[in-house]
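Asker: Sequential numbering from -7 applies to the sequence shown in the working numbering.
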Amino acid sequence: MKFDTKFLTRTALLLAVTLMVQYLKMPQLITGSLVNAMLVIASGAVGVFSGITIGLLTPVIALLVGILKFPPMVPFIMAGNALYVWLYSSQKNAMIGVPLAAVAKYAWLSISVVYILNWFGIRVPAPVVQAFTLPQLFTALLGGAIGLTVIFLLQRSFAKEKEM
């Protein structure tokens, strides 16, 4: 993987689109699915490090601009996003990679919000627990499906462009 101008430009563009999605403040199912789609698109179209970079930056930026209201979750979301991208990217078959990554991210965030934060004595409000458990599985699966569809369409478009 080369970290050249092309990598930086594409990653920055995909990060900007991801941040715009977050700023729209739509329901969790829509926003979460689209953010996960962007992680899959970045890792599939640019590379695993692009997806991980976006996955690490988005929760921090969401906290800084007031979208994320529970700061203790930031490192857990970052780790969950990185895990999602890495597991998806590590599979040769994307149809296995997305569900595997989605279940892992869901499990990680659920364990984090229900158990790990409590071990540190952090009281987690019920709406936060609710947001970071089962909905995470749905948004990761739906986002993965959207991301794979976009990658497929991009690859077809690029292939047709090369033929011309």
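The beta carbon of each residue, even a glycine, is placed where N, CA and C say it ideally should be.
Would Val13 pass as a contact of Leu26 if the rule is Cβ separation under 8 Å?
Answerer: Within the sequence shown, the letter at position 21 stands for residue 13. Within the sequence shown, the letter at position 34 stands for residue 26. The answer is yes: Cβ separation under 8 Å.
Asker: Tell me the rounded alpha-carbon separation between Ile143 and Ala37.
Answerer: Numbered from 1 along the sequence shown, position 151 holds the residue referred to as residue 143. Numbered from 1 along the sequence shown, position 45 holds the residue referred to as residue 37. In a straight line, the C-alpha of Ile143 is about 7 Å away from that of Ala37.
Asker: Leaving out the 5 sequence neighbours to the left and right, which residues in its chain are closer than 8 Å to Leu48 when beta-carbon positions are compared?
Answerer: Counting from one through the sequence shown, the residue named residue 48 turns up at place 56. Around Leu48: Met70, Asn73, Ala74.
Asker: Indicate whether Gly135 and Gly24 have their beta-carbon atoms separated by less than 8 Å.
Answerer: Position 143 of the sequence shown, counted from the first residue, corresponds to residue 135. Position 32 of the sequence shown, counted from the first residue, corresponds to residue 24. Their beta carbons are under 8 Å apart, which means Gly135 touches Gly24 by this criterion.
Asker: Three Cβ pairs or more, each shorter than 8 Å: is that satisfied between the stretch 85 to 100 and the stretch 44 to 64?
Answerer: Touching, no, given that fewer than three Cβ pairs across the two stretches are closer than 8 Å.
Asker: Could you give the C-beta distance for Thr1 and Met30, rounded to a whole number, given that I count them as a contact under 8 Å?
Answerer: One-based indexing of the sequence shown puts residue 1 at position 9. One-based indexing of the sequence shown puts residue 30 at position 38. Contact doesn't hold; Cβ gap of about 16 Å is too wide.
Asker: How big is the Cα-Cα spacing for Lys84 and Trp78?
Answerer: Within the sequence shown, residue 84 is the residue found at index 92, counting from 1. Within the sequence shown, residue 78 is the residue found at index 86, counting from 1. If you take the alpha carbons of Lys84 and Trp78, they lie about 12 Å apart.
Asker: With 16 other CB atoms within 10 Å as the buried threshold, where does Leu101 fall?
Answerer: To locate residue 101, count along the sequence shown from 1; it is residue 109. Leu101 is buried by the Cβ-count criterion.
Asker: Once you ignore the five residues that flank Ile53 on each side, which residues in its own chain have a CB closer than 7 Å to its CB?
Answerer: Taking the first residue of the sequence shown as 1, we reach residue 53 at position 61. So the qualifying residues of the chain are Leu11.
Asker: Which residues in the same chain have their Cβ closer than 6 Å to the Cβ of Ala86, if we skip the five residues on either side of it in sequence?
Answerer: Here the question's residue 86 lines up with position 94 in the sequence shown. Within the same chain, Ala86 has close Cβ partners Leu140.
Asker: Three-state secondary structure (DSSP) at Val38?
Answerer: The sequence position of residue 38 within the sequence shown is 46, counting from 1. In this structure, Val38 counts as coil in the three-state DSSP scheme.
Asker: Using the Cα positions of Ser81 and Ala118, report the straight-line distance between them to the nearest angstrom.
Answerer: Locating residue 81 in the sequence shown gives position 89, where the first residue counts as 1. Locating residue 118 in the sequence shown gives position 126, where the first residue counts as 1. The alpha-carbon atoms of Ser81 and Ala118 are separated by roughly 33 Å.
Asker: According to DSSP, is Gly113 helix, strand or coil?
Answerer: Locating residue 113 in the sequence shown gives position 121, where the first residue counts as 1. It is coil, neither helix nor strand.
Asker: Among residues of its own chain, excluding the 5 on either side of Leu109, which ones have a beta-carbon nearer than 7 Å to its beta-carbon?
Answerer: Taking the first residue of the sequence shown as 1, we reach residue 109 at position 117. If we look at Leu109 and ignore the five residues flanking it on each side, its Cβ neighbours are Pro64, Val116.
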